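In terms of the numbering used here, the sequence shown opens at residue 178 and continues consecutively. Quick reminder that beta carbons are idealized off the backbone N, C-alpha and C, glycines included. Just so it is clear, the structure is predicted and the values come from calculations on it, not from any experiment.
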Amino acid sequence: MEASTVSARPWFPQRVTICEVGPRDGLQNEAVSVRTDDKVRYIDLLAAAGCSNIEVTSFVNPKAVPQLADAEAVWARLAVFPGCRYIALVANERGLERAFAAGVRAIGLFTAASDAFTQRNIGMSVDESLTAFAPLAARAKADGMYVRASISTAFGCPFAGPVRVADVVRVAQGLWALGVDEVSIADTIGVATPNQVFDVVAALVPHLPVQRIGLHFHDTRGTALANIVAGLQSGVAIYDSSAGGLGGCPFAPGATGNVATEDVLYMLHGMGIATGVDLDRVRAASRFIGEKLTGRVVSRAFAALEAADRRAALTRA
Ligand code: MG
Numbered sequence: 178m179e180a181s182t183v184s185a186r187p188w189f190p191q192r193v194t195i196c197e198v199g200p201r202d203g204l205q206n207e208a209v210s211v212r213t214d215d216k217v218r219y220i221d222l223l224a225a226a227g228c229s230n231i232e233v234t235s236f237v238n239p240k241a242v243p244q245l246a247d248a249e250a251v252w253a254r255l256a257v258f259p260g261c262r263y264i265a266l267v268a269n270e271r272g273l274e275r276a277f278a279a280g281v282r283a284i285g286l287f288t289a290a291s292d293a294f295t296q297r298n299i300g301m302s303v304d305e306s307l308t309a310f311a312p313l314a315a316r317a318k319a320d321g322m323y324v325r326a327s328i329s330t331a332f333g334c335p336f337a338g339p340v341r342v343a344d345v346v347r348v349a350q351g352l353w354a355l356g357v358d359e360v361s362i363a364d365t366i367g368v369a370t371p372n373q374v375f376d377v378v379a380a381l382v383p384h385l386p387v388q389r390i391g392l393h394f395h396d397t398r399g400t401a402l403a404n405i406v407a408g409l410q411s412g413v414a415i416y417d418s419s420a421g422g423l424g425g426c427p428f429a430p431g432a433t434g435n436v437a438t439e440d441v442l443y444m445l446h447g448m449g450i451a452t453g454v455d456l457d458r459v460r461a462a463s464r465f466i467g468e469k470l471t472g473r474v475v476s477r478a479f480a481a482l483e484a485a486d487r488r489a490a491l492t493r494a
């Protein structure tokens, strides 16, 4: 459902790319394990809804992330949707080999803006991660893959506390120098407020094209949509979100999930900003996966639209 009658204000991007992270970031952080069949169905529903970038799974150690141990099986069964980019996370050479073997064409690399976080998450310092990623990015680019790099804890770290903008810029520059296609700036624990978004994006823009910057917000403290508006105002046109608001952060107990795709779409379409994604069809994907997760869907737009549909159905009956 695109609000075609509204035109976007000229100071905002007219079109935004949504990177749907529900199948990977979302499911990885849910307590309930989902069957491979159901993951594939969830991804199919999202692709059919018009999601053109979907973070599907991770080729990481299955012992570390048991929820995604079926990465190969999921990948082998993905339907082909023209124009849809399926992304898989890779953490090292072994993961890249697995991704190559599975036929992956887009990878995600993950580091952070704070050493305290990377040490716990990937077992190395930020600088060590940049060194480790260099050959991975080079091989992937040489093979014609799309490479997305993410910076976790860019607005605050659960272990180190506040993060300096200069540190985010330094890591982003380091990643950009590796030849990646896109750098995603993540508020892993959901602490960011709009002024931080203005500050971080303004500091990044001299170093990499704003078209190559993505933002990843969590709604833990209710600021995700406000942060997206700050991102839009700063010219950023790539946003991560998770259908049904699935996910969380294993290092931030009690944290709610990624900002919900439904909430983001409702807002963007209402602002006249095109996404190419159908809100009602994303809702169908969330309804499907929500049942597998015993009803855990935390999107407010989802809840409101579902309730309106039920009311309408009762009136018709
Ligand atoms: Mg996340």
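Can you tell me which of the options puts its alpha carbon nearest to the alpha carbon of residue i?
i      : options                           : result
ARG218 : THR471, ILE466 and GLU305         : ILE466
ASP214 : ALA293, ALA256 and ALA315         : ALA256
GLY356 : LYS240, PHE236, MET448 and ARG316 : ARG316
GLU270 : PRO190, VAL459 and ALA309         : ALA309
ARG212 : LEU381, PHE287, LYS469 and GLU305 : LYS469
ILE390 : ALA420, GLY424 and VAL346         : VAL346
ARG350 : LEU482, ASP364, SER327 and PHE258 : Arg is not the amino acid found at residue 350; the sequence shown has Gln there. It is SER327 whose Cα lies nearest to the Cα of GLN350.
THR452 : TRP188, GLU197 and PRO187         : GLU197
ALA380 : LEU223, ASP344 and SER210         : ASP344
LEU392 : LEU313, SER418 and LEU423         : SER418
ALA265 : GLU305, LEU222, GLY199 and PRO312 : GLY199
LEU204 : ARG192, ILE220 and GLN191         : ILE220
Tell me which residues share the same chain as residue i and place their Cβ nearer than 7 Å to its Cβ, disregarding the 5 neighbours each side in the sequence.
i      : result
VAL454 : ILE195, ALA226, GLY227, CYS228 and LEU442
PHE375 : ALA407 and SER411
MET178 : Confidence at MET178 is low in this model, with a pLDDT of 46, below 50, so its placement is unreliable and no value can be given for it.
ALA293 : CYS334, PHE336 and ALA337
Report the three-state DSSP secondary structure of residue i (helix, strand or coil).
i      : result
ALA283 : strand
ASN435 : strand
ALA451 : strand
ARG262 : strand
ALA494 : coil
ALA268 : coil
ALA315 : helix
THR288 : strand
SER411 : coil
SER463 : helix
ALA180 : Below a pLDDT of 50, predicted positions are generally treated as unreliable, and ALA180, at 49, falls in that range; no measurement from the model is reported.
ARG186 : coil
SER169 : Here the chain covers residues 178 to 494 and nothing more, so residue 169 does not appear.
So, for residue i: in the same chain, excluding its five sequence neighbours on each side, which residues have a beta-carbon less than 8 Å away from its beta-carbon?
i      : result
THR370 : THR400, ALA403 and ASN404
Tell me which residues share the same chain as residue i and place their Cβ nearer than 6 Å to its Cβ, disregarding the 5 neighbours each side in the sequence.
i      : result
PRO239 : ALA246
SER184 : GLY449
Please find out if some non-hydrogen atom of the ligand FMN comes closer than 6 Å to the beta-carbon of residue i.
i      : result
ALA265 : The ligand FMN is absent from the structure shown, which contains only the ligand MG.
ask   = Quick one: complete alpha helix (DSSP H) runs, 4+ long, within the region 317 to 402?
value = 342 to 353 and 371 to 381
message = Any residue with its Cβ nearer than 5 Å to a heavy atom of the ligand MG should be included. What is that list in chain order?
response = ASP202 and ASN435
query = What are the uninterrupted segments assigned as beta strand (DSSP E) that are 3 or more residues long and contained completely in the region 189 to 255, given in chain order?
reply = 194 to 197 and 230 to 236
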